[in-house]
Amino acid sequence: MAKLEAKNIVKYFEHDGKPLKALGGINFTVEDGDFVCLVGPSGCGKSTFLRIAAGLQKPDEGQILLDNRPITKTGPDRIMVFQEGALFPWLKVRDNVEFGLKIAGIPESERHQISDRYLDMMQLSKFANSYTYQLSTGMRQRVAIARALVMDPEILLMDEPFAALDAQTRDLLLVEMQMIWQKTKKTIIFVTHSISESTVLGNKVVVFTHRPSTIKKIIPIDHKRPRLVEDETLIPYQREISALLRPEVKATEDSQ
Amino acid sequence: MRAKSLGKKIAFYVGIVLVWQALDMASIWPDSVFPSPYEVAEDLGYGAADGTLWIGIGTSLWRLAAGFAIAVAGGIMLGIFMARVNTVNETIGSIVLGLQSIPSVAWAPLAIIWFGLTDAGIIFVTVAGALFAVTINTYTGVKSINPDFIAAAQNMGAKGEQLITKVLIPAAFPYLITGFKQGWAFGWRGVVGAELLFSFLGLGFLLNVGRQLSDVSQVIGMMIVIMIIGIVIDGLIFKRLEDKVMARWGLR
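Order-wise, the sequence lines are chains F and C.
For the first sequence, counting from 1, position 248 maps to 385 in the working numbering; every step adds exactly one.
For the second sequence, counting from 1, position 11 maps to 4 in the working numbering; every step adds exactly one.
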């Protein structure tokens, strides 16, 4: 069943006072329970697409349907995980995780019950009373993921959440992310610039072209999980994606 | 480290008193113009004994607290609206900078006309002194918030009042504290300045009484009290608040 449908999404940026077409008509469908990874040359607008799906930006043309209803504004049914986490430094870990629940007016005992579950899932229980500056970058991203999961969103939107992590921490989180996906059966759209990350995580990898971006190809990856970065079975997919991206990256660089 | 810095401070203040004492003993100026440290201390002692000093301090601090509270509430609201609503910034925002350049005591004549020689008049001067510093720093603070904080909060359903109280104010808090520090200092000058003009209780009033009686010890004594209160409020309240917030926000 289609969870999210992007229909001819067009978006212009302002660049030196002139409109620059970033998204040139994005069409694709995300099925319920999909783990979709978006890859593309830098500046192709994949993060912008995610923000449009989150309702944080408006498309200039086209629309995105969530469960057949057009997205018009932001809301907790589509929770975004930001690249730098966007955790609130004035709140303790637990209060960060419970932020959305508090906004929704859920009573404290129930909030604690929910946050306990996800703090435990993300192995954060002993940091519940820490402030975020006391945590490593990897731990912070765990908090950001927990904060998203407590909202029990229809769809999870992740914008390069592991880009700033060291390789070991990232590899660990790549495995955990797959387990979270299997456990929660969430639909996830995950933007990344890492080809290996996309093949480890995605059951579909959506390859964007250079600006104005369209979808070049959607590659299904049906492999057993948990997959690891070093899995050799993923290499053919990585080669294919790499080959698809090479001319796009070249075109992006030539246009600059 | 701390003990060493405290030692330096004590040595410095003892040094000042000694130089002062030496100047007095040199008898360059008559006692009616240049009192000795002892005379000033004695004068303050009389004031403390008969209670006038404490009433003066209490009155001035009460006015400061009232004016500052109003300025903080109003300044935060105004600053947030300026930062979030373009029209407000383009209209009211343009005049706030100008208003801040008016010395707080310059509001006193207007306050006397509007409120008479009352507490309300002096508090008005205090508010006028503190309000715009709080406003401008709140504006800067809200403008400097990481846009992802606001996006994340809105994404999680925060809007309107909740967005203001749960995200905008805490996120801008390090700037707000700068505004409070500047605001209270302007407010304090406003209180004392207004009390000089209003001649209606408070430390500024006692300062003026000292001048009218040609009691130079009282004049200098009151100035010292006004300064000490400044140091104490800054160190005890704002410095601590700032340290706490800077640590919590991970800024140091």
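Every residue gets a Cβ at the ideal spot worked out from N, C-alpha and C, and that includes glycine.
All figures in this text were calculated on a predicted structure; none of them were measured in a lab.
{"Query": "Which of helix, strand or coil DSSP assigns to M276/F", "Result": "helix"}
{"Query": "At least three beta-carbon pairs within less than 8 Å, the segment 162 to 182 of chain F to the segment 331 to 346 of chain F", "Result": "yes"}
{"Query": "Where the alpha helix (DSSP H) through E291/F begins and ends", "Result": "Segment: none, E291/F is in no alpha helix (DSSP H) and carries neither H nor E."}
{"Query": "Cβ shell of L37/C (< 6 Å), same chain only, five flanking positions each side left out", "Result": "G214"}
{"Query": "C-alpha distance - E198/F paired with N145/F, whole-angstrom precision", "Result": "7 Å"}
{"Query": "Contact residues within the segment 132 to 164 of chain C, judged by C-beta distance below 8 Å to chain F", "Result": "N139, D141, F142, A144, A145, A146, Q147, N148, M149, G150, A151, Q155, K159, V160, P163 and A164"}
{"Query": "Contacting residues, own chain, Cβ-Cβ under 6 Å from R188/F (five flanking each side not counted)", "Result": "Q194"}
{"Query": "Environment of D296/F [buried if 16+ CB atoms lie within 10 Å]", "Result": "buried"}
{"Query": "E369/F, enclosing alpha helix (DSSP H) - first and last residue", "Result": "Per DSSP, E369/F belongs to no alpha helix (DSSP H) and is neither H nor E."}
{"Query": "Minimum Cβ-Cβ distance from G275/F to chain C less than 8 Å", "Result": "no"}
{"Query": "Spatial distance of Y31/C from Y39/C (CA atoms)", "Result": "12 Å"}
{"Query": "Of the listed residues I356/F, A283/F, T346/F and A304/F, nearest to T321/F (C-alpha basis)", "Result": "A283/F"}
{"Query": "Buried or exposed by the 16-neighbour rule on C-beta atoms within 10 Å, applied to S350/F", "Result": "buried"}
{"Query": "Beta-carbon spacing of I327/C, L196/C below 8 Å", "Result": "Nothing about residue 327/C can be read from this structure; chain C reaches only from -6 to 245."}
{"Query": "Chain C within 8 Å of A301/F, Cβ atoms only", "Result": "no"}
{"Query": "Inter-residue Cα distance where the pair is A104/C and W55/C", "Result": "18 Å"}
{"Query": "Cβ contact (3+ pairs, closer than 8 Å) linking the segment 109 to 122 of chain C and the segment 174 to 182 of chain C", "Result": "yes"}
{"Query": "Pair within 8 Å by beta-carbon distance, N156/C and I69/C", "Result": "Strictly speaking, residue 156/C in this sequence is Leu, with Asn absent from that position. No; because the gap between Cβ atoms is not below 8 Å, this pair is not in contact."}
{"Query": "Q184/F classed as buried or exposed, judged by whether at least 16 other C-beta atoms fall within 10 angstroms", "Result": "Before going further, note that residue 184/F is Ser rather than Gln in the sequence given. It is buried - the Cβ of S184/F has at least 16 other Cβ atoms within 10 Å."}
{"Query": "Host alpha helix (DSSP H) of T45/C (start-end)", "Result": "T45 to R77"}
{"Query": "Beta carbon proximity, G172/C to chain F, threshold 8 Å", "Result": "no"}
{"Query": "DSSP-derived helix/strand/coil call for I325/F", "Result": "strand"}
{"Query": "K262/F vs V234/F beta-carbon contact at 8 Å", "Result": "The sequence given here places Ser at residue 262/F; Lys does not occur at that position. In this structure, V234/F does not lie closer than 8 Å to S262/F by Cβ."}
{"Query": "Closer than 9 Å at the beta carbon, the chain F residues around G243/C", "Result": "P226, Y268, T269, Y270 and Q271"}
{"Query": "CA-to-CA distance, N148/C to K136/C, given in whole angstroms", "Result": "19 Å"}
{"Query": "Under 8 Å between C-beta atoms of V287/F and V230/F", "Result": "no"}
{"Query": "Members of the segment 189 to 215 of chain F near chain C, C-beta cut-off 7 Å", "Result": "A191, L193, T211, G212 and P213"}
{"Query": "Within chain C, the residues that M295/F reaches when beta carbons sit closer than 9 Å", "Result": "Result: empty, since nearest Cβ-Cβ is about 13 Å, beyond 9 Å."}
{"Query": "G38/C, DSSP secondary structure in three states", "Result": "helix"}
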